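In the order they appear, the protein sequences are chains A, B and C.
The number in this note's numbering is simply the position in the first sequence, starting from 1, with 142 added.
The number in this note's numbering is simply the position in the second sequence, starting from 1, with 3 added.
The number in this note's numbering is simply the position in the third sequence, starting from 1, with 1358 added.
Ideal placement from N, C-alpha and C gives every residue a C-beta, glycine not left out.
Note that the coordinates shown come from a computational prediction; the quantities given were computed from them, not determined experimentally.
Structure, as structure tokens:
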Amino acid sequence: MQQKKVVMDADGIDRSLTRIAYEILEKNKGTEELCLVGIRTGGVFLAERLKKKLTSIEGVDLPVGILDITLYRDDLRLANKKPMLGKTDIPFSLDNRKVVLVDDVLFTGRTIRAAMDALIDFGRPKLIELAVLIDRGHRELPIRADFVGMNLPSSLWESVVVKLMEKNGVDEVVIEDDNQ
Amino acid sequence: MKLTNKDILGIKELSVDEINLILDTAASFIEVSTREIKKVPTLRGKTVVNLFFEASTRTRTSFEIAGKRLSADTINISATTSSVVKGETLIDTARNLEAMNPDAIVIRHSAAGAPHMLARMVKQSIINAGDGAHEHPTQALLDMMTIKEKKGTVSGLKVAIVGDIAHSRVARSNIYGLTKMGSHVIVAGPAMMIPRDIARMGVTVYNNLAEAIKDVDIIMMLRIQLERQQQKIFPSLREYSSYFCLNRQNIKLAKEDVLVMHPGPINRGIEISPDIADGPYSIILDQVTNGVAVRMALLYLLIGGQR
Amino acid sequence: MKLLLTGGRIIDPSQGLDANLDILIENGKIAEIGKNVHKPKTDSRKSAAREINIVDISGMIAVPGLIDMHTHLREPGFEYKETIQTGSEAGAAGGFTSLACMPNTNPVNDTRSVTEYIKRNAASCNLVNVYPIAAVSMESEGTSLTEFMDLKDAGAVAFSDDGKPVTNSALMRRALEYASSLGMSIISHCEDTCLSHGGSMNEGFVSTELGLQGIPNIAEDAIVARDIIIAEYTGALLHIAHVSTAGAVRLIRNAKARGLRLTAETAPHYFTLTDEALREFDTCAKVNPPLRTLEDVNAVREGLRDGTIDVIASDHAPHASTDKEVEFEYASFGITGLETSLALSLRLVDDGILTLGQLILGMTANPARIVNIPKGTLKTGVDADITVIDPNRNWTVDRDRLRSKGKNTPFHGQAMKGKAIMTIMGGEIKYRDLP
Ligand SMILES: [Zn+2]
């Protein structure tokens, strides 16, 4: 049996996102030139939620893009199950924008590396910032998040799953021990 | 979900799930081709050989672009099948290629079964880019992708394929694909262009254009190979085009929202009138765009990562 | 030196024999067949044992040496495909003591010198009897007749342009009349080449799916019909080679019912395989006439059962790998057959199509009669050509172990039952595969 532990509930997720929204505004001194790009799949829903929060705070409509990083992954060669390729949809220019890249869990950093490579193929952003709901450590690349919902020290044997209403029908963050 | 075989030799060997996987993957690749930088690093370090024993600038270019957009190194080898050394070329080339260790070999050959022979000889993934009058799986996949894009589905449609069915690999691959996906396929052409027992492939056969295209959703016009007339297989191009050319009048027999396809290159005024080829029914250029996406999808699914 | 085969079941359709008897061979001839043939005097038992070789073949079947009246030995000219030596070895291993070889060599066997060359070479190999079939027309080109009388004197046993039809009907008529006046048959390869042109397999559903140009049944049927008409008009001796279609079987059956002196053969692949065998573009199953449909296979089997088809011949057509390891449509036609022919034919007995006696008749006395050779019988005084068959031997076809140079078999890896375990020609054991 796997051991499951809920480390963040629906309210927790919402409060974290609200805080991140304020931090984004503070750090960027407003919403000018700002856009959000969510990484498939978890990051996409979080980016949409952040957009709603930013809109309600500032009253502006921020552009949101979707990024699928499959084609940029460095572990395709090793992946046993080929990931299903999703669509990338960034219907606006990234040139001179401040891009907030959004993902659910920050782990080794390799996904973010792939995402940045992909973003740069789309244009030349003024800057790229990173927002994640969970930072579980174990970085393999020199990457850090600008906005973090929760720092969650974890062991390599555990997996951290962010469940969202939009795809899982529930909002919670669960930590599962695969070693049991 | 992944492909079962190391090769794509024909649509006959693909399951419905595999076809759907390829079409969905290809749909995702459409976006890559619309970017300013139309290149992703997915197949960096991989090598794709385009081995063409039969001239085809279109198909070769399409595969080449597909490979390059995925950052694969693509190498084109054109071999001519001289009448004297015929088979030797293939077996020798195969052994040489194997030694160079590419990741995939795309082969076009005038002899049916040549890709199958190559697939048995080498360990690399083989993609059939057309073998004789047998199969042309990537063409059928891009056709199905285009139909799905325009009609929302590939099932429950009535599709007429018109022309020299006997010598058409495009027809065979589309018959396998469309019938598998649940569409009704009609084939039509003069009697000498309809191969024996084709009805057993699950199609309806007509020898006249009007009956064939009545109330259909899609009309696929095949290219008339001009050399067939030199072989005296049919009497004259003049007669053929006056009875089988799709034009503004006869297209009215089809559904109002009928779509016209053609694998290219078109003999304008012979199998299809210019106003139809360039008109609103025509989705011939979409086919070309989707061709690159389908070929990217196949390369990605076959050699993008471990099998 | 004497040879005694004891305890076996002897089947010799030429004399209506099927019984457990001994066979005594003396000086290369059949000396006696009967029960307890060898009764040595009690005092000379030791010396008798020295001068007689006694082989116990209990549980085995001994038959007249098998005859294959349609073989391609390829020599002279195509020694890279097969030689008379390797073909003879393959024949002996397949249970054959006599082979009639087709003239499509290089040069074509259209003159006395080629016929004599083949006979001389075969005699020095000394493994099987080889009977050359000479060409109907010079270089088998279908224009001028060869010297039938001269060729007969040199040792030719029949005439054929096999590999090609005799397209010119007038030439076919003259050939039939001429051969018949010498008491010889014309062996006709029936193919309307206009209808078969460009084809590389049977025309039908499978060729349509594979996109390969087909050879329709009517290409065979049309020429069978024509030849029957000419044979009926001339009263000549016609033998139809490698019958593969239901239509040809029907035409031959009707002609025989009208009393024509017509004979016919088929080959094991035509009653064993259908065009489904070509699904993977296996060039080893590419043969001419092509593998047909199940309907044709069943008709050929029925033709064998009711005697419409007189003979099973291998149509052994060995090819080098360079002829076969090429794109399907460029590959040569032909199946290597001498070493699988008997086992495949024995399946007809298992399937209840033929009795063992009927099968042996079609592989011994019938071909002997058609090519006029004093073989195919175990009558006292004839050359001791005998094949001993183990009907229950299970074995697997392994192309790399075939004695023929031709490895082009579609049966590679297939399980077989029944095998020649001893082939005796002129009283000498030429092949032995005892357990
Ligand atoms: Zn023949």
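CB contact check: residue i to chain B, cutoff 8 Å
{"i": "GLY228/A", "result": "yes"}
{"i": "GLU1653/C", "result": "no"}
{"i": "TYR214/A", "result": "yes"}
{"i": "GLU1634/C", "result": "no"}
{"i": "GLU1578/C", "result": "no"}
{"i": "TYR1438/C", "result": "no"}
{"i": "TYR1536/C", "result": "no"}
{"i": "TYR1475/C", "result": "no"}
{"i": "TYR1810/C", "result": "A query on residue 1810/C cannot be resolved here, the shown segment of chain C reaching from 1359 to 1793 and no further."}
{"i": "TYR1628/C", "result": "no"}
{"i": "TYR1591/C", "result": "no"}
{"i": "TYR1489/C", "result": "no"}
Chain B residues whose Cβ lies nearer than 9 Å to that of residue i
{"i": "PHE85/A", "result": "A question about residue 85/A goes unanswered here, because the residues of chain A that appear run from 143 up to 322."}
{"i": "GLY1572/C", "result": "PRO198 and ARG199"}
Run of the alpha helix (DSSP H) containing residue i, from where it starts to where it stops
{"i": "GLN145/A", "result": "Per DSSP, GLN145/A belongs to no alpha helix (DSSP H); it is in the beta strand (DSSP E), 145–150."}
{"i": "HIS119/B", "result": "117–124"}
{"i": "ASP1508/C", "result": "1506–1512"}
{"i": "LEU1702/C", "result": "1699–1708"}
{"i": "ASP263/A", "result": "252–264"}
{"i": "TYR1789/C", "result": "Careful: TYR1789/C lies outside any alpha helix (DSSP H), inside the beta strand (DSSP E) at 1786–1790."}
{"i": "TYR246/B", "result": "240–247"}
{"i": "PHE1563/C", "result": "1563–1568"}
Residue i at chain C interface by Cβ criterion, 8 Å
{"i": "ILE25/B", "result": "no"}
{"i": "ARG310/B", "result": "Reliability fails at ARG310/B, whose pLDDT of 44 lies under 50, so the model's placement of it is uncertain and no value is given."}
{"i": "ARG175/B", "result": "yes"}
{"i": "HIS187/B", "result": "no"}
{"i": "HIS265/B", "result": "no"}
Chain A contact residues for residue i, given Cβ-Cβ distances below 7 Å
{"i": "THR28/B", "result": "LEU227"}
{"i": "SER244/B", "result": "Near SER244/B there are no residues of chain A at all, since even the closest Cβ is about 42 Å away, more than 7 Å."}
Interface flag, residue i vs chain A, CB-CB below 8 Å
{"i": "VAL87/B", "result": "Only weak support exists for where VAL87/B lies, its pLDDT of 40 falling under 50; the value from the coordinates is given anyway. False, the Cβ-Cβ gap to chain A never drops below 8 Å."}
{"i": "SER18/B", "result": "no"}
{"i": "TYR303/B", "result": "yes"}
{"i": "SER31/B", "result": "yes"}
8 Å Cβ cut-off: residues of chain B touching residue i
{"i": "PHE234/A", "result": "Near PHE234/A there are no residues of chain B at all, since even the closest Cβ is about 13 Å away, more than 8 Å."}
{"i": "LEU1631/C", "result": "Chain B residues near LEU1631/C: none, gap ~18 Å exceeds 8 Å."}
{"i": "PHE1639/C", "result": "ALA115, GLY116, HIS119 and MET120"}
Span of the beta strand (DSSP E) around residue i
{"i": "VAL242/A", "result": "240–248"}
{"i": "LYS161/B", "result": "161–165"}
{"i": "ASP1380/C", "result": "1380–1384"}
{"i": "LYS1777/C", "result": "1773–1783"}
{"i": "PRO193/B", "result": "That residue, PRO193/B, is in no beta strand (DSSP E); it is neither H nor E in DSSP."}
{"i": "PRO1552/C", "result": "Correcting the residue identity first, residue 1552/C is Cys in this sequence and not Pro. Taken as a continuous stretch (DSSP letters only), CYS1552/C belongs to no beta strand (DSSP E), being part of the alpha helix (DSSP H) at 1551–1554."}
{"i": "LEU262/B", "result": "262–264"}
Interface partners of residue i on chain C, CB under 8 Å
{"i": "LEU93/B", "result": "VAL1684 and GLU1685"}
{"i": "ARG172/B", "result": "GLY1569"}
Amino acids of chain C, ordered along the chain, whose beta-carbon sits closer than 7 Å to that of residue i
{"i": "ILE201/B", "result": "THR1566"}
Residue i at chain F interface by Cβ criterion, 8 Å
{"i": "HIS137/B", "result": "The chain inventory of the structure shown lacks chain F, comprising the protein chains A, B and C."}
Interface partners of residue i on chain A, CB under 8 Å
{"i": "GLU311/B", "result": "Given that chain B is displayed from residue 4 to residue 310, the structure contains no residue 311/B and the question cannot be resolved."}
Presumed contact (8 Å Cβ cut-off) between residue i and residue j, rounded CB distance
{"i": "LEU330/A", "j": "LEU298/A", "result": "Residue 330/A lies beyond the range of chain A shown here (143 to 322); nothing can be said about it."}
{"i": "GLY1776/C", "j": "ASP1748/C", "result": "7 Å"}
{"i": "ALA1594/C", "j": "GLY1695/C", "result": "Going by Cβ atoms, the distance from ALA1594/C to GLY1695/C rounds to 28 Å, so no, they are not a contact pair."}
{"i": "ALA1455/C", "j": "VAL1421/C", "result": "Here residue 1455/C is Thr; the residue named in the question, Ala, does not match the sequence. With 8 Å as the limit, THR1455/C and VAL1421/C do not qualify as a contact, their Cβ atoms being about 10 Å apart."}
{"i": "GLY1720/C", "j": "ASP1668/C", "result": "6 Å"}
{"i": "HIS1555/C", "j": "GLY1521/C", "result": "That pair is no contact at about 15 Å."}
Item to check | Residues of the region 36–49 of chain B whose Cβ lies closer than 7 Å to any Cβ of chain A, in chain order | outcome: Correct list: ARG38, ILE40, VAL43, PRO44 and THR45.
Next on the checklist: Counting only Cβ-Cβ distances shorter than 7 Å, please list the residues of the region 262–280 of chain A near chain B, keeping chain order.
Outcome noted: ASP263 and PHE264
Checklist entry - When you check each C-beta in the region 204–236 of chain B against every C-beta of chain C, which residues fall closer than 8 Å? => result MET204
Checklist entry - Of all the residues that make up the region 1543–1563 of chain C, which are near chain B by a beta-carbon distance shorter than 8 Å? => result Answer in chain order: GLU1561, GLY1562 and PHE1563.
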